Amino acid sequence: MGRAVTVATCALNQWALDFEGNLQRIFRSIDIAKSRGARYRLGPELEICGYGCSDHYYESDTLLHSFQVLAKLLESPATQDIICDVGMPVLHRNVRYNCRVIFLNKKILLIRPKISLANTGNYRELRWFTPWSKARHVEEYFLPRIIQELTGQETVPFGDAVLATKDTCLGAEICEELWAPNSPHIEMGLDGVEIFTNSSGSHHVLRKAHARVDLVNSATAKNGGIYVLANQKGCDGDRLYYDGCAMISMNGETVAQGSQFSLDDVEVLVATLDLEDVRSYRAEISSRNLAASKVNPYPRVKVDFALSCSDDVAVPTCMPIQWRHHSPEEEISLGPACWLWDYLRRSKQAGFLLPLSGGIDSSATACIVYSMCHQVCLAVRNGNADVLADARRIVNDETYVPEDPREFCKRIFTTCYMASENSSQDTCNRAKLLAEQIGSYHINLNIDTAVKAVVGIFSVVTGQMPRFSVYGGSSRENLALQNVQARIRMVLAYLFAQLTLWTRGMPGGLLVLGSANVDESLRGYLTKYDCSSADINPIGGISKTDLKNFIQYCIENFQLTALRSIMSAPPTAELEPLVDGQVAQTDEVDMGMTYAELSIYGKLRKIAKAGPYSMFCKLINMWKEICTPREVASKVKHFFRMYSINRHKMTTLTPSYHAENYSPDDNRFDLRPFLYNTSWSWQFRCIDKQVNAL
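The numbering of the sequence shown is the UniProt record's numbering, which starts it at 1 and goes up by one.
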């Protein structure tokens with residue numbers, strides 16, 4: 001009959017500029033696809049060089065090495081008798097394009113450039129690439145000599161075309177094109193394309209996975225067809241975690257689902273589907289067929305190859321499945337944990353060091369490391385040889401097998417409680433108990449000697465001794481004395497990260513983990529160059545509210561009972577003197593706003609694009625039951641005043657796992673000035689006029 005087609009898609013943990021490793025992972029995916037009977041294999045966006053090359057795309061080396069990898073793929077017997085669809089940058093007539101290179105049996109069939117480039121949020125594709133703007137137009141691309149010698153082709157088609165095999169028609173989309181309002185799959189489907197492919201470089205954001213799944217399923221719900229999506233996975237060298245979720249959908253329903261978070265570098269999905277199901281689905285949609293009769297046809301590249309077999313009557317086909325989404329707490333437990341593992345193994349360090357204060361933020365960070373240890377032990381138990389080899393290298397033991405998460409945690413995770421005269425016994429006990437329950441190597445130390453030495457130097461030079469406000473000091477003195485403690489903790493964290501393993505007779509150094517949440521960063525409620533300054537921060541893109549829910553999740557799923565007292569304690573920096581042995585300083589009083597309010601401010605500022613006046617106008621309705629307009633005005637003004645005063649701190653923010661769309665990350669996501677007129681005189685005057693009118 002020739003109607004059951006077998007296609008494969010994959011999620012690959014590619015690494016920017018790791019051409020050797022990227023090539024091997026591509027080969028592995030092709031081998032798996034062929035072993036499962038697939039006749040077509042789709043890979044992630046820019047998989048040959050890795051998606052996150054950034055300004056390295058400007059370099060001719062990146063283009064050269066990409067073609068060298070392509071040559072290795074073309075000449076390999078592994079790529080015979082399967083259509084391979086790989087991603088790489090291509091320079092055509094001195095213009096750089098983000099392309100799919102589709103080949104079969106040492107012949108390039110088509111180079112398809114990206115039409116709609118991603119250029120919002122973390123994406124900067126227009127900086128490096130130009131979109132292909134010639135719809136349904138194909139030009140000749142002159143191949144470099146290293147490819148000509150292999151394929152015997154001088155030129156190949158380059159442009160917006162589709163592939164016509166003996167049994168069906170395939171059309172390619174690339175990542176952003178699925179999200180565009182005029183997605184190519186609409187017109188391609190009307191022109192008879194039955195299989196749509198999408199190669200993505202899509203990163204994780206909390207609560208985002210369903211949007212991608214809905215878009216894929218809706219792409220074929222109205223028009224019929226098979227939709228195959230590949231995505232990158234893992235940390236490829238920066239703040240983003242690409243979250244896999246490779247999938248195959250037909251006629252609006254998912255038939256194959258890949259994992260969102262895993263430590264597998266190569267994951268391949270294969271599905272066998274009946275083309276007649278697509279044709280019969282389309283046949284009864286009269287509105288689609290009327291539109292199809294008037295569509296402007298795509299150029300077709302004829303391929304002497306079939307995705308099906310002639311005798312396939314007895315071949316079983318895949319049935320629809322229900323997509324399972326992770327809860328936000330599961331996402332926090334798994335996403336940052338996988339990101340930490342990639343960073344640890346690829347940085348070739350021996351583990352992590354975390355200043356553990358006994359509060360929610362540092363405890364949540366510790367729980368994410370513990371979750372990572374769980375994932376490593378699970379992967380090894382499931383036979384993942386790559387994870388086992390990485391774990392052995394990290395602990396410097398060629399016979400080691402990680403079986404118990406607590407035991408593995410002891411080897412690779414050091415926690416450190418840095419007490420001062422302002423620290424309470426309660427937080428010390430909480431940190432110690434949590435460290436015992438997760439198994440970390442725990443250090444208790446006191447920083448008072450170092451603090452007194454630094455303040456003593458100031459006193460000797462100036463003849464003045466600063467005092468805390470409770471002892472009669474000014475607000476400037478009070479803040480300076482808090483900052484000295486915080487900064488000394490950062491210096492000690494790096495000292496212990498470098499030398500702790502040395503004192504234990506073990507090789508290597510530790511990565512320092514930061515634990516400032518997204519809301520504190522937005523408000524600037526942190527000391528510049530304190531313990532928020534670290535190598536990486538797994539919770540820097542997560543809100544306080546979500547972290548509290550995650551802590552509750554860890555109590556229930558990891559049986560970490562030490563977290564109960566941490567959950568019930570009010571957040572505090574413990575930088576001011578105790579009163580009768582008890583903490584008198586709390587975060588929300590210090591900030592002049594609650595964490596719940598901060599989360600709302602953050603979403604309105606970034607996601608809703610609201611300045612002071614617009615935020616006030618939205619909040620007088622949102623908070624009309626709890627605040628008067630004058631109270632709302634006061635809150636909005638205080639937030640923007642504090643936010644703008646502290647914005648300079650974002651320029652040195654520790655690289656953080658990107659998890660929220662209101663992140664204040666100044667590196668590439670949230671580009672704003674860091675020297676503001678903090679009086680906001682015009683904006684605040686507009687608010688005052690509105691308050692008076694109300």
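Even for Gly, the Cβ is constructed at its ideal location relative to N, Cα and C.
Please read these numbers as outputs of a predicted model, since none were measured by experiment.
- Query: Roughly how many whole angstroms lie between the Cα atoms of S133 and R93?
  - Reply: 14 Å
- Count the other CB atoms, across all protein chains shown, that sit within 10 Å of the CB of D167; report buried if there are 16 or more and exposed otherwise. buried
- Under 7 Å between the Cβ atoms of A8 and A33? yes
- Give the secondary structure of S199 by DSSP, where H, G and I count as helix, E and B as strand, and everything else as coil. strand
- Message: Any contact between the region 538-556 and the region 315-331? By contact I mean 3 or more CB pairs, one from each, below 8 Å.
- Response: yes
- In DSSP terms, what S474 is bridged to: The partner list for S474 (beta bridge, DSSP) is empty, contrary to what the question assumes.
- Item | 6 Å CB neighbourhood of R112 in its chain, flanking five on each side removed | R100, A172
- Message: Comparing C-alpha positions only, which one of L104, I488, V518, T654 sits nearest to Y662?
- Response: V518
- When the Cβ atoms of the region 415-426 are set against those of the region 438-449, are three or more pairs found closer than 8 Å? yes
- Item | The alpha helix (DSSP H) enclosing C84, as first and last residue numbers | Note, C84: premise wrong, no alpha helix (DSSP H); beta strand (DSSP E) at 83-92.
- S362 and S543: beta carbons closer than 7 Å? no
- Task: Report the three-state DSSP secondary structure of T652 (helix, strand or coil).
- Result: helix
- Message: Does the contact criterion of 3 or more C-beta pairs under 8 Å hold for the region 450-459 versus the region 381-390?
- Response: no
- Message: Can you find the residues in the same chain that come closer than 8 Å, C-beta to C-beta, to L143, ignoring five residues on each side of it along the sequence?
- Response: I108, T151, Q153, E154, T155, V156
- Taking H374 as the reference, give the member of R406, K233, W339 with the closest Cα. R406
- Message: Could you compute how far the alpha carbon of S200 sits from the alpha carbon of I555?
- Response: 36 Å
- Task: Thinking R630 and D265 are a contact (beta carbons under 8 Å), I'd like their distance in whole angstroms, please.
- Result: The pair is not a contact, with the Cβ atoms about 57 Å apart (cut-off 8 Å).
- Item | Close beta carbons around V632, own chain, < 7 Å, minus the five adjacent residues each side | F616, L619, I620, W623
- Message: Measuring straight from C-alpha to C-alpha, what distance separates K606 and N667?
- Response: 15 Å
- Span separating the alpha-carbon of A497 from that of Y525: 25 Å
- Message: Tell me which residues share the same chain as F468 and place their Cβ nearer than 8 Å to its Cβ, disregarding the 5 neighbours each side in the sequence.
- Response: E477, N478, L481, E576, P577
- Message: Which complete beta strand (DSSP E) runs does the region 50-120 hold, if anything under 3 residues is left out?
- Response: 83-92, 95-104, 107-113
- If we ignore side chains and look at the alpha-carbon of each, how far apart do L63 and Y123 end up? 20 Å
- Identify which residue in T130, V691, S66 has its Cα closest to the Cα of R96. T130
- From R207 to I368, what distance separates their C-alpha atoms? 18 Å
- Message: Only counting the same chain, and skipping five residues up and downstream in sequence, which positions put a Cβ closer than 8 Å to that of E125?
- Response: N98, K114, L117, A118, N119, E176
- Item | DSSP-derived helix/strand/coil call for D274 | strand
- Where the alpha helix (DSSP H) through A562 begins and ends: Counting along the chain, A562 falls outside any alpha helix (DSSP H), and DSSP gives it neither H nor E.
- Query: Does the distance from the CB of L434 to the CB of A534 come in under 7 Å?
  - Reply: no
- Query: Taking the continuous alpha helix (DSSP H) assigned at P355, which residues delimit it?
  - Reply: Taken as a continuous stretch (DSSP letters only), P355 belongs to no alpha helix (DSSP H), being part of the beta strand (DSSP E) at 352-355.
- Rounded C-beta distance between K432 and H442? I'm assuming under 8 Å. 6 Å
- Message: According to DSSP, simplified to helix, strand and coil, what is D243?
- Response: strand
- How close, in whole Å, do the beta carbons of V589 and P612 come, if the pair is a contact with beta carbons under 8 Å? No, V589 and P612 are not in contact; Cβ-Cβ is about 23 Å, not under 8 Å.
- Task: Entirely within the region 586-634 and at least 4 residues each: give me those alpha helix (DSSP H) ranges in chain order.
- Result: 587-591, 595-606, 612-622
- Message: Which residue wins for smallest C-alpha separation from C53, given the options Q68, A135, F19?
- Response: F19
- Between which two residues does the beta strand (DSSP E) harbouring L46 extend? First-last for L46: undefined, no H or E at that position.
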